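Residue numbers (the numbering used here), protein chains in the order written: chain A, 78 to 474; chain B, 85 to 157; chain C, 365 to 730. Just so it is clear, CB atoms sit at the ideal spot from N, CA and C, and this is done for glycine as well. Every value quoted in this text rests on a predicted model; they were computed, and no experiment measured them.
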Amino acid sequence: MKSVLLLLGISGTTPFLSGCWDRIEITDLAIVTAAAIDKNDNDQIELSVQVFIPSSISSGGGGQGGGSSQGGGAVTTLVRYEKGSNISDALSKLQSKLPRKVFWGHCKIFVFGEKLAKEGIREQLDFLLRHPQPREKANVYVSKGKAKPILESLPPLENYSGEVLRELSDLHIGMLVTMQDLDEMLTGIPQAAALPFVKILPPEKGQTKLQGIPYIAGTAVFKKDKMTGMMTEKETRGLLWLRDEVESYTVTIKPKGVKGEISLSPVSAKVKIIPQIINEKWRLSVKVITDGAVIQNGTNLNLSNPKSLNAAERAYQKDIEKRIKMAFLNTQHKKADILGLGKDFYRKYPKQFNKVDNHWDEIFAEMEVEVDVAAHIRRQGYINKPAGLSEEEVKDK
Amino acid sequence: MRWGAFFCTSVVVVLIILYEWPKMKQNPKKDKMAFLTLLLTGLVLSMFNLPQMSGPTQWIETLFRPFGEFMEK
Amino acid sequence: MEKGKISSLQMAFMMYPTIVATAIIGVPSITAKYAKTDLWLSPIFAALIGYLTVYIAYKLHQLYPQQTVIQFTEKIIGRIPGKIFGFLLIFFYIQNTGLILRGYAEFIVGSFLVRTPISVIMASMVLLCAFIVRGGIEVLGRAAELFVPVFIFPIFILILLLIPDLEFKNIFPVLADGVMPPIKGAIVPGGWFSEFFLIIFLLPFLADMKKGMKSGMKSVFAVMMTLIVVNLTVLFVLGSTTSTKLYPLMNASRYISLADFFEHVESAAMAVWIVGAFVKISVFYYASALGTAQWLNLSDYRPVVWPIGILIVIFSLWSLPSSVDVSRNDINVFPLQSILMQTIIPLLLLLIAIVRKRNRKGTETS
Chain A
78 MKSVLLLLGI SGTTPFLSGC WDRIEITDLA IVTAAAIDKN DNDQIELSVQ
128 VFIPSSISSG GGGQGGGSSQ GGGAVTTLVR YEKGSNISDA LSKLQSKLPR
178 KVFWGHCKIF VFGEKLAKEG IREQLDFLLR HPQPREKANV YVSKGKAKPI
228 LESLPPLENY SGEVLRELSD LHIGMLVTMQ DLDEMLTGIP QAAALPFVKI
278 LPPEKGQTKL QGIPYIAGTA VFKKDKMTGM MTEKETRGLL WLRDEVESYT
328 VTIKPKGVKG EISLSPVSAK VKIIPQIINE KWRLSVKVIT DGAVIQNGTN
378 LNLSNPKSLN AAERAYQKDI EKRIKMAFLN TQHKKADILG LGKDFYRKYP
428 KQFNKVDNHW DEIFAEMEVE VDVAAHIRRQ GYINKPAGLS EEEVKDK
Chain B
85 MRWGAFFCTS VVVVLIILYE WPKMKQNPKK DKMAFLTLLL TGLVLSMFNL
135 PQMSGPTQWI ETLFRPFGEF MEK
Chain C
365 MEKGKISSLQ MAFMMYPTIV ATAIIGVPSI TAKYAKTDLW LSPIFAALIG
415 YLTVYIAYKL HQLYPQQTVI QFTEKIIGRI PGKIFGFLLI FFYIQNTGLI
465 LRGYAEFIVG SFLVRTPISV IMASMVLLCA FIVRGGIEVL GRAAELFVPV
515 FIFPIFILIL LLIPDLEFKN IFPVLADGVM PPIKGAIVPG GWFSEFFLII
565 FLLPFLADMK KGMKSGMKSV FAVMMTLIVV NLTVLFVLGS TTSTKLYPLM
615 NASRYISLAD FFEHVESAAM AVWIVGAFVK ISVFYYASAL GTAQWLNLSD
665 YRPVVWPIGI LIVIFSLWSL PSSVDVSRND INVFPLQSIL MQTIIPLLLL
715 LIAIVRKRNR KGTETS
């Protein structure tokens, strides 16, 4: 009896030994590194995926062999695309063109095409948030024109174009918006979003067309889920100040009464946004404390002298003030609260905010802003006087 | 009727009886009766298409409907 | 029937994952739906139900030591009503073990093993739990003692790793709409805290009976703190989107990314979470099996363990066609059912028992 039971037990468990239903070998996966979602003129969704080719790494010796400067080694990714009525439809068609199962877990870049962005991204975003594989931490972009060429470009320096975008975002050149941020901006109070706007840097003469690299060229402004406008690179910088995301940043200022400019880098900043309601008037007070180190001094000011330093600091302060105000006026002009100020007001004045909830846009557009900058120059590099000037030429006042 | 589920449950029930019966030889008759009755209940229930069938969980939900409406507000 | 003994610490260790394991997965989002940014206050209100339940269970136990609830209700309210309540209670535990099992399996199927049939996941878990329940309370207690640290540490490491991504501003405004939203948000976790009534099945086997109340209360406190911390973490990471997620802690843990290479840790964290779910289901399973055996006046509960396992799987499927029905049941039915069966009725039992004892004493002295 016992041996029969034992036998039954052993033979009964053998089917489980092979693992479970969801066993997936890595060689069965097509690892997506970046995805682009476009809308074509027939209102169809075009999904392009950049798929990593594993053999390119193992056989190509890391892809850097031969001293080729421009991805001349092995191509590490391939791009496939397919049309469909929405992402999942396109994906299922795409799957029939790929011998391996599409895997989203490592996809860190999602690029929306301009047309799709203008017509609304909500329906496609739903797929990305609902599917268990795509990550909340993935970065989201909007491209100028179609998004597909961005995936197709073969950047010389990095392995694939998705990596270029990710590295650029990590440098905080433009805004860095993850899928979670986007979800929060759209579902939360602001009802407006901002995504980095990507263009392709055209290749130089003599290079093949594919060698242009994508770069971040401003910010796309969304109201609800539709793109309504964009901000230039310069305005984006101001936006970064307001969002307290300033990093590795160079400020060039022009002090009054002297010729030439002073550049400061790196600049660090602490930004405090204080919402206020005074006498029923909604206003915003922005307090900035910023430090910088001199990296180039084209003027004849001797910055070791407290007086000249003071003049330079004043110019620095004015410059930052101007940048912030410009960016803020621009968002007000677009009536899109991409800074999430509504949330700040709600946090401080929940009752008052609930009353104006439905016409917050207008209140935001008419809000006054007061910028208060405390700017200091803390270091001046290896030399203490402007280079190439004799003692007499240096203005020492 | 879902034969697949019923068949699987039958196999499981047989395995359970084979495994458990020798151990409960000493136990009183009542234990054996309870053991077999509960197994039989399980076996009978497994013949139905359970997820679609109305059952205690649904009855309780009907019973607690006012509370459910309160929570859905 | 059960000859094993456990320590009061082991009991606390058993109860902690019994509440926390499923409460940290789905409940923050339900709480957020009602309490918005005040979701971290809800566990405090809900814990009051936990303290009350532990107190009731301990007092009942003091009046009738060496007996479990199935046995002494017959003494309190008479044989027939006692049997009826006993049946309802056993039925509640078997049905809810099924619901917990389904919730666990839905989570696994929904996020990791997408193509695995749900019945396989449920059956394998029940198989495992059946073995430990057959092993008796000592085995269960030791397993809990062993597994709970394994279960707690990853969760706290998870939260530590999330610190760079926390947006502390999300906590404001506090109590914007008054105190009612967090109280309403506390109803669902309150149902979870009510599960502390399970200690009534464990108290008779305590080696150090006197510490029972104290360690039960400690356990409630630990659960409350865990839920507060988890709710705050979820709020700080996900902000206003918390209520739209099905498993907020899961979404938050996916957000971990340190230095560009330390990421994608959620599978590891959730694998450990299964250990917590395992203890939870085992404790419920044990209560169901022991209760059934006592209700039927059997000489041992072990023969009914396997048949009840089948019933649990059946209840996890019965009239629940989709995961939507499961989560709706968690919100619309479970909290009231749980508080009613495990807190309100026991409270009435306790009052009746006290009055009866006093009357008897009164007649004896006069």
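Self-check item: First and last residue of the uninterrupted alpha helix (DSSP H) at V643(C)
Solution: Numbered from 1 along the third sequence, position 279 holds the residue referred to as residue 643(C). First-last of the alpha helix (DSSP H) with V643(C): 630-659.
Quiz prompt | Bridge partners - A269(A), DSSP secondary structure assignment | solution = Counted from its first residue, the first sequence places residue 269(A) at position 192. DSSP, once it has assigned bridges, lists K300(A) as partnering A269(A).
Self-check item: Minimum C-alpha distance to A370(A) - residue among K223(A), T153(A), T327(A)
Solution: Translated into the one-based positions of the first sequence, residue 370(A) becomes position 293. Of the listed residues, the one whose Cα sits closest to A370(A) is T327(A).
Practice problem: Taking L102(B) as the query, report the chain A residues whose CB atoms sit under 9 Å from its CB, ordered along the chain. | Solution: As a first step, residue 102(B) is located in the second sequence; it is residue number 18 there, counting from the start. The answer, in chain order, is M78, V81, L82, L85.
Exercise. Quick one: measure Cβ to Cβ for G549(C) and G467(C), integer angstroms, because I've assumed they're closer than 8 Å.
Key: The residue you call residue 549(C) lines up with position 185 of the third sequence. The residue you call residue 467(C) lines up with position 103 of the third sequence. About 19 Å; that fails the 8 Å criterion.
Quiz item: Can you tell me whether M378(C) is buried or exposed, with buried defined as 16 or more other CB within 10 angstroms of its CB?
Solution: Residue mapping note: residue 378(C) aligns to position 14 of the third sequence, counting from 1. Flag for M378(C) reads buried.
Practice problem: Using a Cβ cut-off of 8 Å (strictly closer), state whether I123(B) contacts chain A. | Solution: If you number the second sequence from 1, residue 123(B) lands on position 39. Note that residue 123(B) corresponds to Leu in the displayed sequence, not to Ile. Cβ-Cβ to chain A under 8 Å: no for L123(B).
Practice problem: Check distances from the C-beta atoms of the stretch 179-203 of chain A to those of chain C and list, in chain order, the residues that come in under 9 Å. | Solution: G182, H183
Quiz item: Going along chain B, which residues have a C-beta under 7 Å from N534(C)?
Solution: In the third sequence, the residue the question calls residue 534(C) occupies position 170. What N534(C) touches in chain B: nothing, since even the nearest Cβ is about 25 Å away.
Quiz prompt | Residue range of the unbroken alpha helix (DSSP H) whose run includes K428(A) | solution = Taking the first residue of the first sequence as position 1, residue 428(A) is located at position 351. That run of the alpha helix (DSSP H) goes 427-433.
Quiz item: Once you ignore the five residues that flank R243(A) on each side, which residues in its own chain have a CB closer than 8 Å to its CB?
Solution: Working through the first sequence from its first residue, we reach residue 243(A) at position 166. Taken in chain order, the residues that qualify are K185, I186, N216.
Quiz prompt | Contacts of K223(A) in chain C (Cβ-Cβ under 7 Å) | solution = Taking the first residue of the first sequence as 1, we reach residue 223(A) at position 146. Here the premise fails: no neighbours, minimum Cβ distance about 29 Å.
Self-check item: From R498(C), I516(C), S393(C), Y422(C), residue whose alpha carbon lies closest to that of L567(C)
Solution: Translated into the one-based positions of the third sequence, residue 567(C) becomes position 203. If we check each option's Cα against that of L567(C), Y422(C) comes out closest.
Quiz item: Are there three or more Cβ pairs, one per stretch, closer than 8 Å when the stretch 477-491 of chain C is compared with the stretch 396-409 of chain C?
Solution: no
Quiz item: When the Cα atoms are used, what is the spatial distance from L83(A) to V98(B)?
Solution: Counting from 1 along the first sequence, the entry for residue 83(A) is found at position 6. Counting from 1 along the second sequence, the entry for residue 98(B) is found at position 14. Whole-angstrom Cα-Cα distance: 14 Å.
Exercise. Give a yes or no on contact between the stretch 533-546 of chain C and the stretch 684-699 of chain C, applying the rule of three or more CB pairs nearer than 8 Å.
Key: no
Quiz item: Taking the DSSP output, what are the residues bridged to W105(B)?
Solution: Counting from 1 along the second sequence, the entry for residue 105(B) is found at position 21. Partner(s): none; W105(B) has no beta bridge.
Quiz item: In chain B, which residues lie less than 8 Å from I703(C) when you measure between Cβ atoms?
Solution: Here residue 703(C) refers to the residue found at position 339 of the third sequence. What I703(C) touches in chain B: nothing, since even the nearest Cβ is about 10 Å away.
Quiz prompt | R455(A) - DSSP class collapsed to helix/strand/coil | solution = Residue 455(A) sits at position 378 when you count from the first residue of the first sequence. In the structure shown, R455(A) sits in a strand (DSSP, three-state: E or B).
Quiz prompt | alpha helix (DSSP H) segment containing P407(C), residue limits | solution = Numbered from 1 along the third sequence, position 43 holds the residue referred to as residue 407(C). It spans 406-427 - the alpha helix (DSSP H) in which P407(C) sits, taken as one unbroken run.
Quiz item: For chain A, is any of its Cβ atoms less than 8 Å away from the one on F90(B)?
Solution: The residue given as residue 90(B) occupies position 6 in the second sequence. Closer than 8 Å: no.
Quiz item: Leaving out the 5 sequence neighbours to the left and right, which residues in its chain are closer than 6 Å to A717(C) when beta-carbon positions are compared?
Solution: Locating residue 717(C) in the third sequence gives position 353, counting from the first residue. Around A717(C): L427, I440.
Exercise. Could you name the residues of the same chain whose beta carbon sits closer than 8 Å to that of G576(C), not counting the 5 residues immediately before and after it, in chain order?
Key: In the third sequence, counting from the first residue as 1, residue 576(C) sits at position 212. If we look at G576(C) and ignore the five residues flanking it on each side, its Cβ neighbours are S372, M375, Y422, H425, I563, L567, L570.
Quiz prompt | Local conformation of T327(A) per DSSP, three classes | solution = The sequence position of residue 327(A) within the first sequence is 250, counting from 1. Coil, per DSSP.
Self-check item: Test item: CB-CB of S475(C) and Y611(C) under 8 Å
Solution: Residue mapping note: residue 475(C) aligns to position 111 of the third sequence, counting from 1. Residue mapping note: residue 611(C) aligns to position 247 of the third sequence, counting from 1. Yes. Within cutoff.
Quiz item: What's the C-alpha gap between Q706(C) and I695(C)?
Solution: Mapped onto the third sequence, residue 706(C) falls at position 342. Mapped onto the third sequence, residue 695(C) falls at position 331. Computed Cα separation, rounded: 17 Å.
Practice problem: Kindly indicate if chain A contains any beta-carbon less than 8 Å away from that of Y380(C). | Solution: Along the third sequence, one-based indexing puts residue 380(C) at 16. No, Y380(C) does not count as interfacial toward chain A.
Quiz prompt | Under 8 Å from the C-beta of L343(C): neighbouring residues of chain A | solution = This structure cannot speak to residue 343(C), because chain C is shown only from 365 to 730.
Self-check item: C-beta neighbour in chain B for W670(C), strict 8 Å
Solution: Working through the third sequence from its first residue, we reach residue 670(C) at position 306. At least one chain B Cβ lies under 8 Å of W670(C).
Quiz item: For P211(A), which of helix, strand or coil comes out of DSSP?
Solution: On the first sequence, residue 211(A) is found 134 positions in, with the first residue counted as 1. Here P211(A) sits in coil by DSSP.
Exercise. Can you pull the chain B residues whose beta carbon is under 9 Å from the beta carbon of P685(C), in chain order?
Key: Your numbering for residue 685(C) matches position 321 in the third sequence. Chain B residues near P685(C): P135, Q136.
Quiz item: So does the stretch 413-431 of chain A actually touch the stretch 328-345 of chain A, counting three or more Cβ pairs closer than 8 Å?
Solution: no
Practice problem: Can you pull the chain B residues whose beta carbon is under 7 Å from the beta carbon of V697(C), in chain order? | Solution: Along the third sequence, one-based indexing puts residue 697(C) at 333. Residues of chain B passing the Cβ test: I144, E145, F148, G152.
Quiz item: Which same chain residues, not among the five before or five after S80(A), have their C-beta less than 6 Å away from its C-beta?
Solution: If you number the first sequence from 1, residue 80(A) lands on position 3. Hits under 6 Å: none found.
Quiz item: What are the partner residues of T255(A), as DSSP defines its beta bridges?
Solution: Looking up residue 255(A) in the first sequence gives position 178. In DSSP, T255(A) forms a bridge with N216(A).
Quiz item: By the criterion of Cβ-Cβ separation under 8 Å, what are the contact partners of S130(B) in chain C?
Solution: As a position in the second sequence, residue 130(B) is number 46, starting the count at 1. The answer, in chain order, is I674, I678.
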